[in-house]
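Report on the structure given below.
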Amino acid sequence: MMTPFLAMTLTLAAVLVANLLIKLWLNSRQVRHVAQHRAQVPAAFAHTISLDAHHKAADYTLAKARVGVMDLGLDAVTLICWTLLGGLDALNQMTLEWLGTGMTQQVALVASFTLIGGLIGLPLSLYQTFGIEQRFGFNHTTPKLWVSDMLKGLVVGMVLGLPILWLVLWLMAAGGPMWWLYTWAALVTYQLFVMWIAPNVIMPLFNKFTPLEDATLKERVTALMKRSGFTAKGFFVIDGSRRSAHSNAFFTGFGAAKRVVFFDTLLAQLNGDEMEAVLAHELGHFKHRHILKMMLTSFATSLVGLALLGWVSQKIWFYTGLGVMPNLDGNNSALALLLFMLVLPLFTFFVSPLSARRSRQFEFEADAYAVANSDGQALANALLKLYQDNASTLTPDPWYVAFYYSHPPASQRLARMSA
Ligand SMILES: [Zn+2]
């Protein structure tokens, strides 16, 4: 008979191999599909997208796919090193020798694990920004800004992350058999709190917000919001161009009163009609309660996840099967948390097409709302400009889309809108 710990090890190995095979297959499909369609602009876009822009989108997509393969390999090796090769066990022993048992060691273990993970990912992240984004003309981040972003991110992460980490580890150790329920309540509250302070406290640390000057645009957007049952609490421009040429626009604030935030890059790219149509699309997300639905789904799944963690954290095989010796004093909260976060994504990957499809469905609904409440042709023009300016491929592989795309490909969105 197979021991539970061996079963755990074999499950990890099997699921990791399945993940790698599916992801490599998807990646190679995407590369083949995009490369095959590189020579010619698809017929539906023959009059709107230039061959140069089409080539750029293909080359950008292929370059990102190559990094994707490196990323996959790195992730798999890191996972094996942490678990079966004993990395996490060694880090646990080191922090124990240094700090002894207790909350400080538990917090230090998670914090050092997170820092090491960040360091491992650093070279690839640097290559993404200063290699690929640079080569395709998207990167505006200077090395100085990059370093200052990283340091600020680290401080914000510590200030926001350490207290909640301490609370979670404390609840796990002292909360009794129902700790996972209390932890869930704490995490939900915390997440709402972060969402509430993010636009006013966190984002201004990284970006400059200036009031929007354009009175005509303000008037148009105010009218649009009134038609849709929202009030504008203020208009701001954010200096996204400091970091990247990619563009965006969004609303912040709970309830019907919202601040409107435009990326300066978007203002430079779109005219008034197009801007209004893009914001109508965003309002469509609120009108259909997409953000709320997404949040409720995430709360529900984290409840299931925590209940599962509550169960496996009691099993010796969960630790030994993943290459870690549980602590003798019985406090394994940090180990359980880290192992769980390491292996969970391998399992949830299999259901990612479901959430991706739901997200694409939401985009169609928001598009339909924008077409009904603003100018459909302007939205189509805006989408084309955005797809082109972001060098998004017009010819992605359908299977790749099914797994990874949160937004439908341009061809599908435009076809739906004109239907
Ligand atoms: Zn959307």
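Counting in the working numbering, the sequence shown runs from 23 upward without gaps. Even for Gly, the Cβ is constructed at its ideal location relative to N, Cα and C. Since this is a predicted model, take the numbers as computed values, not measurements.
Which of the three DSSP states is assigned to residue i in this structure?
i	result
Ala254	strand
Thr274	strand
Pro348	coil
Ser355	helix
Ala402	helix
Ala279	strand
Ser433	helix
Ser170	helix
Asn293	coil
Asp397	coil
Arg311	coil
Lys45	helix
Lys248	helix
His55	helix
Ser72	coil
Arg60	coil
Met439	helix
Asp419	coil
Gln336	coil
Tyr409	helix
Gly140	helix
Gly175	helix
Leu107	coil
Thr126	helix
Leu25	According to the sequence as given, residue 25 is Thr; it is not Leu. The answer is coil: DSSP assigns Thr25 none of H, G, I, E or B.
Gly343	coil
Ser377	helix
Tyr427	coil
Ser414	coil
Among the options, which one has its Cα closest to the Cα of residue i?
i	options	result
Gln213	Thr370, Ile186, Ala195	Ile186
Leu191	His268, Met125, Ala112	Met125
Lys86	Ala35, Ala66, Glu119, Leu146	Leu146
Phe135	Gly122, Gln115, Tyr427	Gln115
Asn293	Phe252, Leu350, Ala402, Glu387	Ala402
Phe369	Leu330, Glu385, Ser396, Asn353	Leu330
Ala432	Phe67, Leu38, Val37	Phe67
Ala29	Arg438, Ile338, Phe284	Ile338
Gln410	Val326, Gln291, Asp397	Gln291
Ile224	Ala358, Val177, Gly140, Asn353	Val177
Gln128	His268, Val243, Ala358	Ala358
Gly143	Val99, Trp120, Gly179, Leu131	Val99
Ser324	Thr31, Thr211, Arg438	Thr211
Phe372	Ala133, Gln150, Asn41, Gly153	Asn41
Asp351	Ser72, Ala36, Ala195, Ile154	Ala195
Asp419	Ser50, Thr25, Thr31, Ala36	Ser50
Leu408	Ala75, Pro165, Ser170, Val39	Ala75
Trp168	Tyr149, Leu118, Gly251, Gly183	Tyr149
Gly275	Asn353, Arg265, Asp261, Ala254	Ala254
Arg265	Phe273, Phe228, Glu235	Phe228
Ser440	Val393, Ala413, Lys309, Ala404	Val393
His77	Ala413, Arg435, Ala437	Ala413
Ala245	Gly197, Trp120, Asn395	Asn395
Lys309	Met247, Val326, Ser263	Met247
Ser263	Ser355, Gly256, Asn161, Leu328	Asn161
Name the DSSP beta bridge partners of residue i, please?
i	result
Phe285	Ile260
Ser266	Asn161
Closer than 7 Å by C-beta to residue i: which residues in its own chain qualify, once you throw out the five before and the five after it? Chain order, please.
i	result
Leu193	Trp201, Tyr204, Thr205, Ala208
Leu364	Leu101, Trp104, Thr105
His307	Ile313, Phe384, Ala388
Gly122	none
Thr232	Phe258, Val259
Gly159	Ala267
Trp421	Leu48, Arg51
Thr117	Gln127, Ala130, Leu131, Ser134
Could you name the residues of the same chain whose beta carbon sits closer than 8 Å to that of residue i, not counting the 5 residues immediately before and after it, in chain order?
i	result
Leu361	Thr105, Leu110, Phe340, Tyr341, Leu344, Val346
Leu46	Val91, Leu94
Ala271	Val282, Val283, Phe284, Phe285, Leu288, Met297, Val300, Leu301, Glu304
Leu34	Thr105, Leu106, Gly343, Leu344, Val365, Leu368
Ala278	Gly251, Phe252, Thr253
Excluding the 5 residues preceding and the 5 following residue i in the sequence, name in chain order all residues of the same chain whose CB lies nearer than 6 Å to its CB.
i	result
Pro375	Ala424, Phe425
Thr83	Val56, Thr415
Phe321	Val210
Leu406	Thr70
Got a sec: does ligand 2 put a non-hydrogen atom nearer than 7 Å to the Cβ of residue i?
i	result
Glu385	Among the ligands in the structure shown, ligand 2 does not appear; only ligand 1 can be found there.
Beta strand (DSSP E) runs wholly inside the segment 195 to 243, at least 3 long, in chain order: If we require 3 residues or more, the beta strand (DSSP E) runs fully inside the segment 195 to 243 come out as 231 to 233.
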